[in-house]
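The sequence shown runs 1 to 240 under the UniProt record's numbering.
Yeah, the Cβ is synthetic: ideal placement off N, Cα and C, and Gly gets one too.
These notes are about the structure you will find just below.
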Amino acid sequence: MEKVIYLKMVQMERNHWWYKGRREFISKLIRPYLRPNLHILDAGCGAGGTMEYMARYGSVVGIDISEEMVEYCRKEGLSAYHGSVTKLPFANGLFDLVLCLDVLEHLPMDQIAVEELKRVIRPGGLLVISVPSFSWLWGRHDELNQHCRRYNFGELIKLVQLAGLSVERSTYFNFFLLPPIWLARKLGRLLPMGPGQTYLNFGTVRLNTLLYSILKLEAELLGKFNLPIGVSQVVLARKK
């Protein structure tokens with residue numbers, strides 16, 4: 001990932017509509033499965049926004065491939081390690097819950113990463129994975145973020161099942177904003193975009209609040225049914 005993108009992530013992770021909305025969505029997804037005082041791993045923790053949010057459910061440890069992100073997390077008082085999700089520096093069965101949010105798409109060997117994530121989960125523990133969906137949504141944003149792929153129907157579920165995990169729930173995320181995001185991606189192929197530019201820009205405060213409200217609504221709908229399509233896919237799986 002370009003360094004300028006990392007700098008934007010530090011600025012955005014705690015207040016940007018997409019990051020805030022994703023945290024609400026993941027929280028709603030896992031809540032029925034939680035017990036008190038969980039030991040949680042955020043694999044690909046970035047600037048630590050999700051770690052801070054998940055602390056309400058137990059103790060949280062993070063790991064990231066970026067030394068800059070790990071250093072930033074530590075300065076914020078978070079427990080973060082430098083390393084790769086394909087070779088985690090943790091004992092077998094250490095965590096009750098592992099989050100791997102928008103990480104696998106960066107890895108050439110995503111299956112190895114899922115196997116390694118499974119290794120550090122206790123029997124009966126949970127893994128939550130989110131990835132960008134649908135190759136037809138591919139755009140300059142993916143290239144700037146050095147994505148290897150977007151995941152089409154069934155691909156993420158197959159990946160999880162090949163690792164021997166049981167899928168508890170699979171849903172999409174960012175359903176209502178799919179049409180405008182699709183249009184932005186298509187237009188983005190025609191328009192020049194300089195270093196560090198990304199579709200994660202805040203826009204105005206009002207727009208940021210509006211878009212967050214839309215994703216928060218999606219999180220509430222998740223309590224009733226799975227979303228059939230969206231910009232991202234989320235899978236909740238259990239280690240047998």
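| Check | Outcome |
| --- | --- |
| Where A80 falls: helix, strand or coil (DSSP) | strand |
| Beta-carbon contacts of R74 that lie in its chain and below 7 Å, excluding the five residues immediately before and after | A80 |
| Cutoff 7 Å; reference P89; Cβ partners in own chain excluding five residues on either side | Y81 and G83 |
| Buried/exposed call for N174, threshold 16 Cβ in 10 Å | buried |
| Limits of the beta strand (DSSP E) - the one that I65 falls within | No beta strand (DSSP E) holds I65; DSSP gives it neither H nor E. |
| From K28, G48, L107 and F25, residue whose alpha carbon lies closest to that of D142 | L107 |
| Cut-off 6 Å between Cβ atoms - residues of its own chain near M9, not counting five sequence neighbours on either side | G46 and A47 |
| Span of the alpha helix (DSSP H) around P180 | L178 to G188 |
| H141 - DSSP class collapsed to helix/strand/coil | helix |
| Cβ contact (3+ pairs, closer than 8 Å) linking the region 129-147 and the region 97-115 | yes |
| For G93, the nearest candidate out of R119, Y72, K240 and G44 (CA to CA) | R119 |
| Separation of G125 from E67, as counted between CA atoms | 28 Å |
| Inter-residue Cα distance where the pair is F225 and G77 | 37 Å |
| Length of the line joining the Cα atoms of A163 and L187 | 38 Å |
| Supposed contact pair K20 and Y212 - C-beta distance, whole angstroms, cut 8 Å | 5 Å |
| DSSP state of Q233 mapped onto helix, strand, coil | strand |
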